[in-house]
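The structure appears right after this line, and notes come after that.
Protein chains: 2
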Amino acid sequence: MAMPPPFEEREEREAFDRIVETLIFLYTESRRLTKEQARSHDLTGPQLTVIKLLSGIGELSLTELSESMQTRNSTVTGIIDRMESADLVKRARSDEDRRVVKIRLTPKGRALAKSVPIEPMSLFREALETLSAHEARTLLKLLSKLEKSVRDALGGAIPAPSTHASPHEDHTDGR
Amino acid sequence: MAMPPPFEEREEREAFDRIVETLIFLYTESRRLTKEQARSHDLTGPQLTVIKLLSGIGELSLTELSESMQTRNSTVTGIIDRMESADLVKRARSDEDRRVVKIRLTPKGRALAKSVPIEPMSLFREALETLSAHEARTLLKLLSKLEKSVRDALGGAIPAPSTHASPHEDHTDGR
DNA sequence: TAGGAGTATTTCGCATACGAAACAAATTCG
DNA sequence: CGAATTTGTTTCGTATGCGAAATACTCCTA
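Written out as structure tokens, the structure reads:
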């Protein structure tokens, strides 16, 4: 039989397990509440995200939308389908490039966006308020480091979003 | 018109946005790769998680399983249905409490568990290796603080997990 | 300038994921 | 004891979420 691993190693494994577990907890629970809050306005979580993104930016192609939401195009197609049926959003073929579909809010969608105060992932955002400014900076630094490792592991093909103010970068998300 | 918010506040909001964005990135990308890796063994992501949980513990009720996986019972029912069809897992009514369904690996499931080296969320776990022990401790502390805030916000109804959801845990330490 | 490579979107089939309601067994309480 | 309540699981309907293949269009190059 193998020797039991040394103490420090075992301890580190358990710390990693706790980190993974907590990350999943924070993500899933925040997502769950976002969904529940969105429901009171007849929206789903991702639909809320779409509305907030479009209301901030005005017009996005389907691919831009799917990148902002960290999901695949085929997923967003379905979300937009349902939102279009609900008259929240409108598709229009681009004139410069007739392959791309531009997505905009309808008046109804715009009105809804204004009337819904909830931000996607608001539970998690509120939790962040309990951190001090210093803690928040530390957390961001550590998460960014992890992000970099992950992007490297995925093969640098995917460019990282610039850490600060990119031209019209925008945030995400409530899936 | 409203005054623009003061600099520090604006900066803080952007930091929060970046944290949310990065959290989602880490979670979704890790999940995506786990799924892809599991596929080479004819498993899905959640199925891999089930196999690893059961192979470590032996037997879990459906509710215990769903708590460990942070999903709802109705979701796990479907996952177990498909795994049962694939002869990876077996359901058995408990004798003490005939409402409870115990889930165990079949020999085939046990063999598969041994032959699959992948841990769920392994991409994220590997990224954690790039942190120093001190950084990992700091990260865990900050995430735990957020977890606590979130649980409080959800109303203390939900008890914090005791590190693992094992059915008959030997509690050597409080926690 | 025709054709091939590449890009944007949709379609399809499948596997989560959720809440609400239906069921069944256990527990509580009058 | 027996009805009311609680708890564990399943069923149902709907919405993501994904990869692979199909479509439609653009760009590049021989």
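Protein sequences, first through last, are from chains U and B.
Numbers given in the working numbering equal positions in the first sequence, counted from 1, plus 1.
Numbers given in the working numbering equal positions in the second sequence, counted from 1, plus 1.
From the three backbone atoms N, C-alpha and C, an ideal C-beta is built for every residue, glycine too.
Note that the coordinates shown come from a computational prediction; the quantities given were computed from them, not determined experimentally.
Report the neighbours of Arg-138 of chain U on chain B: residues whose CB is nearer than 9 Å to its CB, in chain order. Going along chain B in sequence order, the residues near Arg-138 of chain U (Cβ under 9 Å) are Ala-16.
In the DSSP output, what is Arg-94 of chain B paired with across the bridge? Looking at the DSSP assignment, Arg-94 of chain B forms a beta bridge with B:Val-102.
Of all the options U:Ser-116, U:Glu-120, U:Pro-118 and U:Ile-104, which has the alpha carbon lying nearest to the alpha carbon of Ile-58 of chain U? When only C-alpha atoms are compared, the closest one is U:Ile-104.
With DSSP run on the structure shown, which of helix, strand or coil describes Leu-44 of chain U? In the three-state reduction of the DSSP assignment, Leu-44 of chain U falls in the coil class, being assigned neither a helical nor a strand state.
With 8 Å as the threshold, decide whether the Cβ of Val-21 of chain U is near any Cβ in chain B. By this cut-off, Val-21 of chain U is an interface position.
Let's test the definition: count the other Cβ atoms within 10 Å of the Cβ of Thr-76 of chain B and tell me whether it reaches 16, buried, or not, exposed. Label assigned to Thr-76 of chain B: exposed.
Three-state secondary structure (DSSP) at Leu-61 of chain U? When DSSP states are grouped into helix, strand and coil, Leu-61 of chain U belongs to the strand group.
For Ile-25 of chain B, would you say it is in contact with chain U, using Cβ-to-Cβ distances shorter than 8 Å as the test? Taking Cβ atoms only, chain U reaches closer than 8 Å to Ile-25 of chain B, which makes this a yes.
Under three-state DSSP, which class holds Asp-82 of chain U? Look at Asp-82 of chain U here: in three-state DSSP terms it is helix.
So, is Glu-30 of chain U buried or exposed, given that buried needs 16 or more other C-beta atoms within 10 angstroms? Buried, by the Cβ-count rule.
In its own chain, which residues sit with a C-beta less than 6 Å from the C-beta of Leu-55 of chain U, not counting the 5 before and 5 after it? Around Leu-55 of chain U: Leu-106.
Compute the Euclidean distance between the alpha carbons of Lys-53 of chain U and His-42 of chain U, then round it to the nearest angstrom. Taking the CA atoms as reference points, Lys-53 of chain U sits about 13 Å from His-42 of chain U.
Does any heavy atom of the ligand HEM sit closer than 7 Å to the C-beta of Leu-63 of chain U? This structure lacks the ligand HEM; in fact it carries no ligand of any kind.
Chain U within 8 Å of Glu-37 of chain B, Cβ atoms only: So, not an interface residue.
Determine the chain U residues that contact Leu-124 of chain B at a beta-carbon separation under 7 Å, and present them in chain order. Those within 7 Å of Leu-124 of chain B in chain U are Val-151 and Ala-154.
Around the Cβ of Ile-20 of chain U, are there at least 16 other Cβ atoms within 10 angstroms (buried) or fewer (exposed)? Ile-20 of chain U comes out buried.
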